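Scroll down for the structure; my scribbles are underneath it.
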Amino acid sequence: MVRRSVALLRGAAASGLSQTLSEILVCPLSKQPLRVCNKTGSLVSDEIGVSFPIKDGIPCLVPKDGKILEDDDNNVALRSGSPDDPSSTNMV
Amino acid sequence: MGRRVRGIISIYQIYRSSIDINQYTRIYLSLPFPRPRWMKSHRSMASIQIPLPLSFGRLPASPRHPRRLRQPVRCAAEERQALFNRIAPLYDNLNDLLSLGQHRVWKRMSVSWSGAKVGDRVLDLCCGSGDLAFLLSEKVGSDGKVFGLDFSKEQLLIASSRQHLHVKRHFSNIEWVEGDAINLPFPDSFFDAITMGYGLRNVVDRERALMEMVRVLKSGSKVSILDFNKSTQPMPSSFRDWMIDNVVVPVASSYGLGKEYEYLKSSINEYLTGPELEKLALQAGFSNAAHYKIGGGIMGNLVAVR
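Order-wise, the sequence lines are chains A and D.
For the first sequence, our numbering begins at 1 and goes up steadily by one.
For the second sequence, our numbering begins at 93 and goes up steadily by one.
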């Protein structure tokens, strides 16, 4: 349990995004929770298949800046669950 | 090319020390030809000193290297962006100059009207370089949380660097988000108060922005929207137009911001009057709305209850 929460904190920190923001922010279009993806340092909206970048710790959630995730192998990591699965958020 | 003078200054940078009244801006030029004698030199760079057309107190120095030269920028696009990054604080200082410092009072009033208190979770829309967010931060204290949202990344970076300049104060309760006021990335019924300073006038779809505010506000909470007051009476309107043409634009032009401030006149004319704003807020879903004129009628603050 401690390892998971530490991993969560590291996950949020790796992307440069604060823990608070990673838990609170929702997709500006679908209003559903976002998933932090460490590999690309972005916030992913699984509902609509769009990723939003994080730059200098500031999430860019302007709809026109969202990147549509394409169905190819390169984005498997983005689409599949990462260690930062939302279901494990309530560890603290 | 050899010794041939290329003739064009390829890169330049603006060195900005803390600027006081009657001081100067020193421009450092990296020249591709030998420095003429009339130019003073500072280390390896030639420099010329030009008086500021108008000074208005201290501008914040660079947050990382307060008194050192900035690195020269390479291409025109990056140069312009870096320049706008540096002059973003000028907007606040021009506000100081043009409102004779009154904008600080109006912003404090707007924060009071929002009903934000200790421990609250609040949102500052179109936060820009963070004026209202910093006031809210003091109001909500370390148990509260402030979210500053703006469309412009450059303004947010300025706000973020201002936040880190004042480490002694509890500005650590502020988070910055780049986003669109008509598509807010926050859950429903999330905030205890919202403020918006000089932003609604610039939003294309104002009703949609108000509807988003209704969605993210908790029931019974307020939004406080400060902006210019569009007066229907001819006297205040013509005085304001005269001020913009003969004071605002010339001052802004001396800093290369003439065009940006020329839009102000038409922008205010396209805005809504107090009663129109009240009606729009009720249409968007607020239960109550009242518009207050302040600053002798030049400014107006809309207060709407969710």
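Virtual Cβ for every residue (Gly too), placed ideally from N, Cα, C.
Predicted, not measured: the structure shown is a model, and the values here were computed from it.
- Cβ-Cβ separation between S206 of chain D and A301 of chain D: approximately 16 Å, too far for a contact (criterion under 8 Å).
- With contact defined as three or more Cβ pairs closer than 8 Å, the segment 243-257 of chain D and the segment 21-40 of chain A are not in contact.
- The beta-carbon separation of V340 of chain D and L356 of chain D, rounded to 7 Å, stays under the 8 Å limit for a contact.
- The beta carbon of G271 of chain D falls within 8 Å of a beta carbon belonging to chain A, placing the residue at that interface.
- Chain D places no beta carbon closer than 8 Å to that of C37 of chain A, leaving this residue out of the contacts.
- Shortest Cα-Cα distance from L224 of chain D to any of D:V295, D:L249, D:M201, D:D212 involves D:M201.
- Shown here, T20 of chain A sits in a helix according to DSSP, grouped into three states.
- If you ignore the 5 residues before and after P328 of chain D, its C-beta comes within less than 7 Å of the C-beta of G389, all in its own chain and listed in chain order.
- Under the three-state reduction of DSSP output, L215 of chain D falls in the strand class.
- Annotation: the segment 318-348 of chain D contains the following complete segments of the alpha helix (DSSP H) (minimum length 4 residues), in chain order: 326-335, 341-345.
- In the displayed model, G207 of chain D falls within coil according to three-state DSSP, outside both helix and strand.
- The straight-line gap separating the alpha-carbon atoms of S359 of chain D and R293 of chain D is approximately 7 Å.
- Close to chain D, meaning a Cβ-Cβ distance shorter than 9 Å, are the following residues of the segment 51-70 of chain A: F52, K55, D56, G57, I58, P59, C60, L61, V62, P63, K64, D65.
- For L369 of chain D, no CB of chain A lies under 8 Å from its own CB, so it is not counted at the interface with that chain.
- Straight through space, the alpha carbons of G193 of chain D and D212 of chain D are spaced by roughly 28 Å.
- For S18 of chain A, the chain D residues whose C-beta falls within less than 9 Å of its own C-beta are E267, listed in chain order.
- Within the segment 240-275 of chain D, the beta strand (DSSP E) runs of at least 3 residues that lie entirely inside it are, in chain order, 266-271.
- Per the DSSP secondary-structure output, H383 of chain D pairs in a beta bridge with D:L394.
- Spanning the alpha carbons of S42 of chain A and L34 of chain A requires a straight line of approximately 10 Å.
- Remark: C-beta atoms of V62 of chain A and D272 of chain D approach each other more closely than 8 Å.
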